[in-house]
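Student: Have a look at this one.
Protein chains in written order, with the numbering used here: chain H, 1 to 616; chain F, 617 to 828.
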């Protein structure tokens with residue numbers, strides 16, 4: 001069996017890992033600079049696609065063409081995401097079926113964006129091993145439905161990866177913990193990531209990891225915490241800086257660049273408040289600099305309703321597993337958002353025990369994916385994962401009622417057989433509408449797709465079509481049909497409601513070569529231009545806010561440097577851009593210090609900034 | 617596309633599986649099952665058939681393994697729960713062991729007819745308008761009493777009735793089976809009414825979360 005890597009395709013960050021043959025332990029593969037995390041950000045530039053840190057750095061500069069948190073859009077339709085789309089700086093196109101984004105002057109689907117991330121991880125792994133990597137285990141939220149799983153598999157194919165297994169993130173985490181013999185008995189995994197929430201209850205015994213129940217919310221995570229904080233800051237800015245905003249006729253909410261600055265600052269403040277009780281936000285806007293202190297208590301008051309939303313799924317998972325909190329031996333925390341102290345408190349209250357997170361919550365899912373990859377490659381034979389399907393699967397029957405074929409939390413693989421016949425003479429097509437969800441009516445459930453069974457014409461009621469619905473170990477539905485009288489396999493045409501068909505995927509594989517990731521040289525040039533753009537914006541703002549505080553000579557020197565950089569930026573010489581950027585930085589150093597002094601004067605008296613900073 | 621004439625009609629059918637769920641685990645057709653032993657056998661079979669361990673097998677072999685694995689999973693799901701086990705046994709004995717989730721026809725227990733009448737009345741009242749405190753208290757009290765009754769019925773099913781089946785001579789089996797069917801119908805009825813009461817009291821978490 002060839003090599004299989006484990007990939008955590010996250011909302012905010014993605015990772016790739018493998019099991020080291022000598023230590024038999026999973027390891028994360030870092031990039032050339034030693035960074036284990038690849039930010040799940042993809043920028044569509046005129047020079048090509050840029051993925052990761054470089055793309056993340058240009059979020060505020062090119063908000064319309066830089067896609068983040070694309071995982072939240074996977075396998076979804078426009079109707080599902082239109083509320084959220086208001087807050088996303090890139091354009092989501094209205095339409096039927098799978099959502100489409102308009103970025104970089106073309107239309108792309110979420111699986112294509114995810115494919116760019118997978119491709120970057122694939123290349124990272126290939127550099128590490130010095131050989132091609134073609135197979136991967138990719139993790140998804142346990143509560144992902146069939147469309148979302150299928151979209152993830154499609155992303156793999158577009159990236160040139162055979163996704164040999166889709167694994168649920170909380171289960172993967174439990175594998176990583178299990179390998180270290182850190183958990184036995186009944187464990188609850190609470191996984192709050194960047195965009196999704198899962199809770200799984202497992203029994204771990206004799207190397208068998210048996211998932212008893214899972215629940216969650218595929219639209220709840222750190223992104224939502226950032227958003228409530230950002231919106232709250234937006235209101236605060238409107239109150240404190242209405243004079244400047246009115247003067248400049250600025251509506252920050254309609255300024256994608258400003259909103260990205262705000263979102264990133266909110267995220268950074270949230271992260272700091274996990275270890276500090278109080279922090280200061282400083283956000284330089286065009287006409288003013290916003291600065292305020294925020295305490296952990298203030299943040300907690302804002303995010304409390306979001307954290308509370310995780311409790312009902314957790315209780316439902318417990319109930320479905322037939323357990324009470326007292327039956328849980330250990331609680332494991334996964335996902336970056338479980339670093340938030342309020343989340344830990346609420347989890348502790350719910351389960352009545354201290355949750356633990358010995359393994360890095362950002363890395364544990366990728367490590368588990370590597371373990372599962374190793375199991376599939378035959379390298380581990382004493383561990384077995386028994387997962388479940390998170391949502392009930394059914395077909396729409398008369399009156400729009402759902403006829404459940406496979407209940408939620410059924411161990412996978414699982415199958416159900418049903419017989420169908422025709423109601424009209426000569427009918428050659430039987431149409432099945434397959435849905436997923438817990439509601440009574442098909443219209444309230446998730447439509448997975450329509451299956452058209454084609455058979456030879458016969459009198460009504462004569463055909464006996466046996467349809468087998470199989471949910472495989474990936475949690476993905478496979479449908480087979482056989483006409484019993486003729487013994488012929490009925491042909492099935494699948495029309496996924498929120499998915500790509502074969503032709504789409506084939507076309508996207510083609511296009512992925514046309515719109516390849518920019519090569520190393522181009523990438524560095526793009527990075528240099530981004531850096532230049534950032535410095536130009538800051539220099540422009542500094543001049544506007546504090547130009548009058550320095551001498552005319554100094555102003556002229558800055559302006560010369562800025563003009564030189566503008567010229568260099570549009571050229572193709574990376575070194576020249578770097579030099580010109582450094583020159584602007586040097587020219588504005590003093591101005592920046594003067595501005596900092598001015599800003600601090602109000603609150604701290606007239607000491608120089610350097611004195612204050614020196615005291616710390 | 618989906619006019620009434622075209623809509624597929626699901627027809628109930630006997631599963632073409634060769635082994636019944638008891639046979640899957642090599643167990644006799646008895647209800648007294650040791651959960652630890654069942655779990656041990658399940659894990660052993662799961663290891664044997666799980667697709668994870670047949671990743672490099674040819675496609676036909678993988679499809680066969682997948683099917684075997686699905687059968688083992690279905691069998692364990694059914695037999696690990698003492699009540700589902702009874703339900704399955706009844707259907708197996710009657711030759712209709714198709715799939716789970718087919719409810720027994722709910723039937724009101726005769727001993728409770730008077731009480732049920734009152735409950736239905738209170739429920740009808742609750743549906744027409746606001747729930748006053750007195751009605752609310754009545755409904756909550758009734759629900760508690762029915763829950764006790766349900767627990768008793770389930771204990772009877774998994775306890776004495778199950779034991780009776782396991783000890784029954786072949787001639788006594790029809791009677792034992794009939795007793796199961798009665799108890800299952802009563803249980804189904806009680807569960808429906810308890811659900812209705814919970815819904816009337818607004819306690820079912822907003823969305824009706826289907827029960828299995």
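A virtual CB, placed ideally from N, CA and C, is assigned to each residue, including glycine.
Starting from the beta carbon of residue 649 (chain H), find every residue of chain F whose beta carbon is closer than 9 Å, and list them in chain order.
Tutor: This structure gives no information on residue 649 (chain H), because the portion of chain H shown stretches from 1 to 616.
Student: Express the C-alpha separation of residue 593 (chain H) and residue 215 (chain H) in angstroms, rounding to a whole number.
Tutor: Distance between the alpha carbons of residue 215 (chain H) and residue 593 (chain H): 52 Å.
Student: I want to verify the contact list: residues of chain F whose CB lies under 7 Å from the CB of residue 414 (chain H), in sequence order.
Tutor: In chain order: 686, 689, 690.
Student: Give a yes or no on whether the minimum CB-CB distance between residue 799 (chain F) and chain H is below 9 Å.
Tutor: False, the Cβ-Cβ gap to chain H never drops below 9 Å.
Student: Work out the CA separation of residue 541 (chain H) and residue 286 (chain H) for me, nearest whole Å.
Tutor: Their backbone Cα atoms lie some 6 Å apart in a straight line.
Student: For residue 707 (chain F), which residues in chain H fall below 8 Å Cβ to Cβ?
Tutor: Within chain H, no residue comes near residue 707 (chain F); the closest Cβ sits about 15 Å away, beyond 8 Å.
Student: What are the boundary residues of the beta strand (DSSP E) that residue 137 (chain H) is part of?
Tutor: Taken as a continuous stretch (DSSP letters only), the beta strand (DSSP E) holding residue 137 (chain H) covers 135-140.
Student: Only counting the same chain, and skipping five residues up and downstream in sequence, which positions put a Cβ closer than 7 Å to that of residue 799 (chain F)?
Tutor: Excluding positions up to five away in sequence, the list reads 769, 772, 773, 777.
Student: Please confirm whether residue 99 (chain H) and residue 67 (chain H) have their CB atoms less than 9 Å apart.
Tutor: No. Outside cutoff.
Student: At the 9 Å Cβ level, is residue 659 (chain F) part of the contact set with chain H, yes or no?
Tutor: It does: the Cβ of residue 659 (chain F) has a partner Cβ on chain H nearer than 9 Å.
Student: Within the same chain, show all residues whose beta-carbon is closer than 6 Å to that of residue 657 (chain F), passing over the 5 residues directly before and after it, in chain order.
Tutor: Around residue 657 (chain F): 641.
Student: Closer than 7 Å, Cβ to Cβ, to anything on chain F: give me those residues from the stretch 400-411 of chain H, in chain order.
Tutor: Taking 7 Å as the Cβ-Cβ cut-off against chain F, the residues of the stretch 400-411 of chain H that qualify are 403, 404, 407, 410, 411.
Student: Rounded to whole angstroms, how far is the Cβ of residue 432 (chain H) from the Cβ of residue 416 (chain H), which I believe are closer than 8 Å?
Tutor: The Cβ separation is near 13 Å, so there is no contact.
Student: Going along chain F, which residues have a C-beta under 9 Å from residue 347 (chain H)?
Tutor: Correct list: empty, because the minimum Cβ distance to chain F is about 20 Å.
Student: If the cut is a Cβ gap below 7 Å, which residues of chain F does residue 375 (chain H) touch?
Tutor: Result: 668.
Student: Between H:391, H:195, H:211, H:596, which lies nearest to residue 175 (chain H) when the distance is taken from Cα to Cα?
Tutor: The option with the nearest alpha carbon to residue 175 (chain H) is H:211.
Student: Mind checking residue 344 (chain H): buried by the 16 CB within 10 Å criterion, or exposed?
Tutor: The residue in question, residue 344 (chain H), is buried, as its Cβ has 16 or more Cβ neighbours within 10 Å.
Student: If the cut is a Cβ gap below 7 Å, which residues of chain H does residue 663 (chain F) touch?
Tutor: Here the neighbours are 384.
Student: So, is residue 20 (chain H) buried or exposed, given that buried needs 16 or more other C-beta atoms within 10 angstroms?
Tutor: By the neighbour-count rule (16 or more Cβ atoms within 10 Å), residue 20 (chain H) is not buried but exposed.
Student: In chain H, what lies closer than 7 Å to residue 693 (chain F) by C-beta?
Tutor: Chain H residues near residue 693 (chain F): 410, 411.
Student: Do you know offhand how far residue 282 (chain H)'s Cα is from residue 291 (chain H)'s?
Tutor: One C-alpha to the other measures close to 4 Å.
Student: Along the alpha helix (DSSP H) that carries residue 501 (chain H), what are the first and last residues, could you check?
Tutor: Element bounds for residue 501 (chain H): n/a, residue is neither H nor E.
Student: Enumerate in chain order the residues of its own chain whose CB-to-CB distance from residue 424 (chain H) is below 8 Å, with the five nearest sequence positions on each side excluded.
Tutor: The answer, listed in chain order, is 460.
Student: Kindly list, in the order they appear in chain F, the residues whose Cβ is closer than 8 Å to that of residue 179 (chain H).
Tutor: None at all; the shortest Cβ gap to chain F is about 15 Å.
Student: In or out: residue 58 (chain H) buried (at least 16 other Cβ within 10 Å) or exposed?
Tutor: Burial call: buried.
Student: Just to confirm, are residue 535 (chain H) and residue 585 (chain H) a CB contact at a threshold of 9 Å?
Tutor: Yes, Cβ-Cβ distance for residue 535 (chain H) and residue 585 (chain H) is below 9 Å.
Student: Closer than 9 Å, CB to CB, is residue 629 (chain F) near chain H or not?
Tutor: Its pLDDT being 31, under 50, residue 629 (chain F) is placed unreliably by the model, and nothing is read from it.
Student: Is residue 757 (chain F) helix, strand or coil when you go by DSSP?
Tutor: Helix.
Student: So which residues of chain F does residue 500 (chain H) contact, with C-beta pairs closer than 7 Å?
Tutor: Under the 7 Å cutoff, chain F gives no residues; its nearest Cβ is about 21 Å from residue 500 (chain H).
Student: Please confirm if the stretch 165-174 of chain H is in contact with the stretch 115-125 of chain H, defined as three or more CB-CB distances below 8 Å between the two stretches.
Tutor: No, because fewer than three Cβ pairs between the stretch 165-174 of chain H and the stretch 115-125 of chain H fall closer than 8 Å, the two stretches do not touch.
Student: Given that residue 671 (chain F) touches chain H, what residues does it touch there, using C-beta distances under 8 Å?
Tutor: Correct list: 1, 164, 376, 377, 378.
Student: Could you tell me whether the Cβ of residue 311 (chain H) comes closer than 9 Å to any Cβ of chain F?
Tutor: For residue 311 (chain H), the answer is no, since every Cβ of chain F falls outside 9 Å of its Cβ.
Student: Any residues in the stretch 446-470 of chain H with a beta carbon nearer than 7 Å to a beta carbon of chain F? Which ones, in chain order?
Tutor: Of all residues in the stretch 446-470 of chain H, 470 have a Cβ within less than 7 Å of some Cβ in chain F.
Student: Can a CB atom of chain B be found closer than 9 Å to the CB of residue 208 (chain H)?
Tutor: Of the chains in the structure shown, none is chain B; the protein chains are H and F.
Student: Do you know offhand how far residue 37 (chain H)'s Cα is from residue 15 (chain H)'s?
Tutor: Straight-line Cα distance between these residues: approximately 6 Å.
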